[in-house]
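Mind the numbering: the sequence shown is residues 11 to 210 in this note's numbering, read in order. Just so you know, even glycine gets a beta-carbon here, dropped at the ideal spot from N, CA and C. This report concerns only the one structure given below.
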Amino acid sequence: VTGVQTCALPICLRTQTGQNDILSQGIKRFKLYENTIRNIFVKTNSDPDWLAVPFLESSFNPLAISKVGATGTWQIMEYIGKRLMPVNKYVDARKNPILATYAGLKILRQNRIITKNKDISVVAYNSGLRNYFKIRNKLKKKVISTEEFLKTSKKKTNYFDFASENFLMEYFAMIEYLKKSNIHFEKKKSRNVSSRIDIY
């Protein structure tokens, strides 16, 4: 896989070759769990666009492990995983796509509640909330916009690097890819209200 970055002010577009085959394999893996995961999204009243996250993070690979130890389809760090599911020397539920989906959606929901911003909550899934709190304190605001967040984040730190900067645009691109591949969920409210699970 090779990366190419093309810049023409004011837009900088980064593309990668060789990704289509990887994503095609990801869709095949996802198909094994599609109905169950679709029901989880409905019952937890989750944003259907969030399905793009595990494809962006791992191409929906349950065995994926990043260089920093993020594991599974949703690439959940160990210290976070231990708070949400069984993760110990005997079992690692992060490698279970179903349990990991519940955990991933909970992380995204919590991020959205904290940041009060749909876009920043997605970026924070990849890079964590530390950069968000740092920027909010710097701007002395309780709520910051996506533009303020990205502009202030331009100065790279240990918590916000090149991948983090491009994560939101790649997320939007993945949503469109999944739509064209007929893998996108439409948001539907659960018919049985009592069975709906709101993740907080």
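C-alpha gap between residue i and residue j, whole angstroms
i    : j    : result
F177 : N136 : 7 Å
E186 : H194 : 9 Å
V132 : D31  : 25 Å
A80  : K150 : 32 Å
N106 : R93  : 16 Å
E196 : N45  : 13 Å
T83  : K38  : 13 Å
S68  : K152 : 33 Å
K248 : L118 : Outside the modelled stretch of the chain, which goes from 11 to 210, sits residue 248, for which no answer is possible.
Y181 : L42  : 23 Å
S56  : L115 : 7 Å
P96  : V52  : 24 Å
Paired residues, beta bridge with residue i - DSSP
i    : result
I86  : T81
W102 : The amino acid occupying residue 102 in the given sequence is Asp; Trp does not appear at that position. DSSP lists V97 as partners of D102.
I75  : T81
Nearest-angstrom beta carbon gap, residue j and residue i [assumed within contact, 8 Å]
i    : j    : result
Q85  : A103 : Going by Cβ atoms, the distance from Q85 to A103 rounds to 14 Å, so no, they are not a contact pair.
T162 : Y142 : No, T162 and Y142 are not in contact; Cβ-Cβ is about 10 Å, not under 8 Å.
N- and C-terminal bounds of the alpha helix (DSSP H) containing residue i
i    : result
F70  : No alpha helix (DSSP H) contains F70, which DSSP labels as neither H nor E.
D31  : 29-41
G138 : Taken as a continuous stretch (DSSP letters only), G138 belongs to no alpha helix (DSSP H), as it is neither H nor E.
T111 : 107-125
T54  : That residue, T54, is in no alpha helix (DSSP H); it is neither H nor E in DSSP.
F159 : 156-162
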